[in-house]
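Just so you know, the protein sequences line up as chains V and A, in that order. Numbering of the first sequence is given in my numbering, commencing with residue 86 and proceeding in unit increments. Numbering of the second sequence is given in my numbering, commencing with residue 86 and proceeding in unit increments.
There are 2 protein chains.
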Amino acid sequence: MSDQKLSARQEAMLEFIDSFMQDNGYPPTIREIGKACDISSTSVVNYNLNKLEREGYLMRDREVSRGLRLANRAFQGSVVRVPLMGRIVAGEPVPVPDGDFSVFGDDEAIELTSDIVDPHDDLFALQVKGDSMVNDMINDGDIVIMRPHRDVKNGDMVAVWLSDREETTLKRIYMEGERIRLQPANPMMGPIYVDDPSVVEVQGRVVAVIRQM
Amino acid sequence: MSDQKLSARQEAMLEFIDSFMQDNGYPPTIREIGKACDISSTSVVNYNLNKLEREGYLMRDREVSRGLRLANRAFQGSVVRVPLMGRIVAGEPVPVPDGDFSVFGDDEAIELTSDIVDPHDDLFALQVKGDSMVNDMINDGDIVIMRPHRDVKNGDMVAVWLSDREETTLKRIYMEGERIRLQPANPMMGPIYVDDPSVVEVQGRVVAVIRQM
DNA sequence: CTTGACTTAGAACGCGCGTTCGTGATATAA
DNA sequence: TTATATCACGAACGCGCGTTCTAAGTCAAG
């Protein structure tokens, strides 16, 4: 419908706006677009911008300098910055972040996109050290994205601290009456049964696992 | 050194610039910053902006309206769109994309950030179906990010099609003279030895694995 | 106290930049 | 031909917005 009604000039404008934003971090002015696309008059640029806006290729804020943004990038920009809190070792508890989380000044963090994790959660990331959790489909060097536990439901993949074994592990948790069953993610492995619920401390729920090579 | 020399006003300015850019897609003006942070004079905003620039928190383009960008976000913005080609099943070969890759119009794709994968590679993603590769630390539902194989080096994690078994699997590959050794990622599992190299077809190299829950 | 560095304030200058208007060229339809 | 729509041009208007200058209020060191 509004397909390929783009003139060569309009297509050049879109491409220039995209690269300009990539280079400078802010949109170009009408005159900058005109100079880059060999358009002598600002009104022509304005005319084509209105046309592109009507066809949905971009959005404009009237009476605002550089007040335009590409529509393709509308749903982008939703990049979540997850602080990398440290490492998770089998013999140590999970370093859960303090109450106050400083958005700025995090030198170590991981950027994820919104289709992997929910941007509204207060997430934190941990890198797995050692291969003690290899039976839980977690390898050495993997990065686990975790959310501080609020409500633990049966079947959730959680990081638990077993105080009697002094060991941290990632398992699926099931409350079976008095007993707690910790099921490895690997279906070929058997579960762990804990009769005393007090030795199981749920540190957080695992939202995602990322392995780079 | 340049640590916590930020006044409350400067911190508020940074936070406002960040949220403003998120909302509008372009940076605010000096007067917009002043109004949001209760600064009556434009020169004060200009003064603090210069200070923040000198300390490395942002970059300014002089004589340019809205000519500023946050330094933290300098390396961001590089969101890679990886097309999700389909599913990888143990009994079927990997659907490698055709030569022409259409950047636009991909309804199914995954967005990753540049610190997970290299934006310059021609990547594609596959979702693992079935738990036949559970011994390779790959679970049902996992998403593997792959790069079409160019040069396969020893130790690379690759997707191979074993024509004699009619099976696809993810293994680390090692050329040992005439013999090829396929090592599972799980160190508790033993390797597969293939004496006839013609039955091993390398489909691509695994760059990353993502598991969502 | 005085001195000097740091921060805030207000006002004015002047170009930047979106907008609008009038005009004209081209094209397809009646 | 005339009529209507689309697209392009140049000029002018006027507020937007970065810059600069002067002045003053802090605060710690001397």
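Glycine included, each C-beta is placed from N, C-alpha and C at the ideal position.
Exercise. Can you give the beta carbon distance from A:Leu153 to A:Leu169, rounded, assuming they're within the 8 angstroms contact cut?
Worked result: Not really, about 36 angstroms apart at Cβ, beyond 8 angstroms.
For this session: Run down chain V in chain order and give the residues with a C-beta less than 9 angstroms from the C-beta of A:Arg266.
Result: Within 9 angstroms Cβ-Cβ: nothing; A:Arg266 doesn't reach chain V, min ~18 angstroms.
For this session: Output the boundary residues of the beta strand (DSSP E) element that contains V:Arg154.
Result: 153 to 155
Exercise. Under 9 angstroms between C-beta atoms, does V:Ile223 make it to chain A?
Worked result: yes
Exercise. Are the C-beta of V:Tyr111 and some C-beta of chain A separated by less than 9 angstroms?
Worked result: yes
Exercise. What is the DSSP secondary structure of A:Lys120, reduced to helix, strand or coil?
Worked result: helix
Problem set entry | Status (buried if at least 16 other CB within 10 Å, exposed otherwise) for A:Lys256 | buried
Problem set entry | Alpha-carbon spacing of V:Ala121 relative to V:Leu155, whole angstroms | 17 angstroms
Exercise. Can you tell me the Cα-Cα spacing of V:Val291 and V:Ala270, whole angstroms?
Worked result: 12 angstroms
Problem set entry | Neighbourhood of A:Gly162 by C-beta, 6 angstroms cutoff - its chain only, sequence neighbours within 5 removed | Because A:Gly162 carries a pLDDT of 49, less than 50, the predicted location of this residue cannot be relied on, and no value is offered for it.
Exercise. Comparing the C-beta of V:Pro168 with each C-beta of chain A, is any distance below 9 angstroms?
Worked result: no
For this session: On a CA-only basis, which of A:Asp221, A:Gly226, A:Leu247, A:Gln297 is nearest A:Glu286? Give me that one, please.
Result: A:Leu247
Exercise. Unbroken alpha helix (DSSP H) runs of length 4 or more, entirely within the region 229 to 255 of chain A: which are they?
Worked result: none
Exercise. Comparing alpha-carbon positions, which option in V:Ile265, V:Arg250, V:Asp225 lies nearest V:Val243?
Worked result: V:Ile265
Exercise. By DSSP, does A:Leu91 sit in helix, in strand, or in coil?
Worked result: coil
For this session: Would you please verify whether the beta carbon of V:Arg151 is less than 9 angstroms from any beta carbon of chain A?
Result: yes
Exercise. How big is the Cα-Cα spacing for V:Asp103 and V:Ile118?
Worked result: 11 angstroms
Problem set entry | N-terminal and C-terminal residue of the alpha helix (DSSP H) that V:Gly208 is part of | Going by the sequence as given, residue 208 of chain V is Leu instead of Gly. Neither: V:Leu208 is in no alpha helix (DSSP H) and is coded neither H nor E.
Problem set entry | Rounded Cβ spacing between A:Leu137 and A:Gln95 (contact assumed at less than 8 angstroms) | 6 angstroms
Exercise. Expressed to the nearest angstrom, what Euclidean distance is found between the alpha-carbon atoms of A:Ser128 and V:Val130?
Worked result: 33 angstroms
Exercise. Which residues in the same chain have their Cβ closer than 7 angstroms to the Cβ of A:Gly240, if we skip the five residues on either side of it in sequence?
Worked result: Arg257, Tyr259
Exercise. Which of helix, strand or coil does DSSP assign to A:Met274?
Worked result: coil
For this session: Give me the Cα-Cα distance between A:Phe101 and A:Asp123, rounded to the nearest whole angstrom.
Result: 12 angstroms
For this session: Using 10 angstroms around the beta-carbon of A:Arg296, count the other beta-carbons present and answer buried if the total reaches 16, otherwise exposed.
Result: buried
Exercise. Taking Cβ positions only, does V:Val294 come closer than 9 angstroms to chain A?
Worked result: yes
Exercise. Do we get a CB-CB distance below 9 angstroms when we pair V:Asp236 with the residues of chain A?
Worked result: no
Exercise. Under the rule that 16 or more other beta-carbon atoms within 10 Å means buried, what is V:Gly110, buried or exposed?
Worked result: buried
Exercise. A:Ala210: which of A:Asp227, A:Leu267, A:Asp221 sits nearest, CA to CA?
Worked result: A:Asp227
For this session: Spell out whether any CB of chain V is found under 9 angstroms from the CB atom of A:Met253.
Result: One detail in the question is off: residue 253 of chain A reads as Thr in this sequence, not Met. With 9 angstroms as the cut-off, A:Thr253 does not count as an interface residue toward chain V.
For this session: Consult DSSP for A:Tyr132 and reduce its assignment to one of helix, strand or coil.
Result: helix
For this session: Check whether the Cβ atoms of V:Arg232 and V:Asp206 lie closer than 9 angstroms to each other.
Result: yes
Problem set entry | Partners in chain A for V:Met218, counting only beta-carbon separations shorter than 7 angstroms | Ordered by position in chain A, no residue passes the 7 angstroms Cβ test against V:Met218, which lies about 10 angstroms from the chain.
Exercise. Within 9 angstroms (strictly less), CB to CB, does A:Ile173 reach chain V?
Worked result: no
Problem set entry | Which listed residue (V:Pro272, V:Glu263, V:Ala293, V:Asp108) has its alpha carbon closest to that of V:Val279 | V:Glu263
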